[in-house]
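Student: In this text, residue positions in the sequence shown follow this note's numbering: the first is 939, and each later residue adds one. Before I ask anything, here is the structure I am working with.
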Amino acid sequence: MRCSEATRHLQLYIDSQLTLDQVRVLEAHLALCPACRNECLFLEEVTSTLGALKSVAEPAELTLHIMQRVARSPQQRNNRQYSLLRPSLLEWLAVVVLATITTLGAIL
939 MRCSEATRHL QLYIDSQLTL DQVRVLEAHL ALCPACRNEC LFLEEVTSTL
989 GALKSVAEPA ELTLHIMQRV ARSPQQRNNR QYSLLRPSLL EWLAVVVLAT
1039 ITTLGAIL
């Protein structure tokens, strides 16, 4: 296993998300590679520290305030940009007619 692959698997290893075969390969690499072993120890410490933090309760009215702001926000802003990129039915019809005429002209 290369270090680049090992570092991609470290957090999964810490979270016990690897298969038994993956664990064996990674642990063999960690036994031989001090850089990856130190990275693993660092990630274990960070994970442990973050896990020990107390969660902060959100304000009681947070969801209500967010939903009110969403309801008040202008909805047409993104629709206009999207409609400039999306052809209308009339434009599609014109393309189909031109393609049909071109195809028939090439055949006849």
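Each residue gets a CB set at the ideal place from its N, CA and C atoms; glycine is no exception. Because the structure is a prediction, the values reported are computed rather than measured.
What number of angstroms, rounded off, separates the C-alpha of Glu999 from the C-alpha of Ala1009?
Tutor: As a position in the sequence shown, residue 999 is number 61, starting the count at 1. As a position in the sequence shown, residue 1009 is number 71, starting the count at 1. For Glu999 and Ala1009, the distance between alpha carbons rounds to 15 Å.
Student: Just to confirm my understanding: we take Pro1025, look at its own chain, exclude 5 residues before and 5 after, and list those with CB closer than 8 Å. What are they?
Tutor: Position 87 of the sequence shown, counted from the first residue, corresponds to residue 1025. Excluding residues within five positions, the ones whose Cβ falls inside 8 Å are Val1033.
Student: In three-state terms, what does DSSP make of Leu956?
Tutor: Counting from 1 along the sequence shown, the entry for residue 956 is found at position 18. Coil at Leu956, not helix or strand.
Student: In the DSSP assignment, find the alpha helix (DSSP H) that holds Val1034 and state where it starts and stops.
Tutor: Taking the first residue of the sequence shown as 1, we reach residue 1034 at position 96. Here the alpha helix (DSSP H) through Val1034 covers Leu1027 to Ile1045.
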